[in-house]
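Below: the structure, in structure tokens.
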Amino acid sequence: MHLLDEQILQAFKEIAKRLVNLNREILSKINIKQSYYKVLSVLSIKNNINQTTLGDICAIDKPATSRLVNNMQKEDLIQKSLQNNNKKNIYITLTEKGKLLIKTI
9 MHLLDEQILQ AFKEIAKRLV NLNREILSKI NIKQSYYKVL SVLSIKNNIN QTTLGDICAI
69 DKPATSRLVN NMQKEDLIQK SLQNNNKKNI YITLTEKGKL LIKTI
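Numbering (the numbering used here), first residue to last: 9 to 113.
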């Protein structure tokens with residue numbers, strides 16, 4: 009690898025490291041968990057998504073996704089709705105509180 013390529017690669021690594029640290033700092037200041045942030049980020053792009061798909065996108069297994077969604081619902085950040093009264097077809101949307109939190113982040 010050329011010297012310039014190595015310098016560019018090193019600069020990108022440093023930028024990525026700083027962004028990760030900044031992200032952690034912001035999340036800790038507003039007292040939000042990293043897992044909540046992932047879900048809120050996905051929902052800010054596609055609000056009204058199937059719970060299974062949401063878990064797949066966030067790389068969270070099904071039981072953990074269910075717990076996470078239930079906890080976030082208790083905190084009024086998201087809401088669940090059944091599609092066609094089918095318990096296997098749960099869709100997740102942001103609440104107003106969730107939308108406000110996304111704007112804050």
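Using N, Cα and C, we set each Cβ at its ideal position, and we do this for glycine too.
Can you give the Cα-Cα distance for residue i and residue j, rounded to whole angstroms?
{"i": "Ile16", "j": "Ala67", "result": "30 Å"}
{"i": "Lys88", "j": "Gly106", "result": "13 Å"}
{"i": "Lys37", "j": "Ile113", "result": "10 Å"}
{"i": "Thr73", "j": "Ile34", "result": "23 Å"}
{"i": "Thr103", "j": "Glu14", "result": "45 Å"}
{"i": "Glu83", "j": "Ile40", "result": "11 Å"}
What residue range is occupied by the uninterrupted beta strand (DSSP E) comprising residue i?
{"i": "Thr101", "result": "94 to 102"}
{"i": "Lys88", "result": "86 to 91"}
Is it the case that the Cβ atoms of residue i and residue j are separated by a distance below 8 Å?
{"i": "Ile86", "j": "Leu51", "result": "yes"}
{"i": "Asn97", "j": "Asn58", "result": "yes"}
{"i": "Gly63", "j": "Lys54", "result": "no"}
{"i": "Asn110", "j": "Val77", "result": "Note that residue 110 is Ile in the sequence shown here, rather than Asn. Contact flag unset, no."}
For residue i, write down the residues that DSSP places opposite it in a beta bridge.
{"i": "Ile57", "result": "Ile100"}
Taking the alpha helix (DSSP H) that residue i falls in, what are its first and last residues?
{"i": "Lys25", "result": "11 to 37"}
{"i": "Lys41", "result": "First-last for Lys41: undefined, no H or E at that position."}
{"i": "Ala127", "result": "This structure cannot settle anything about residue 127, because the visible part of the chain is limited to 9 through 113."}
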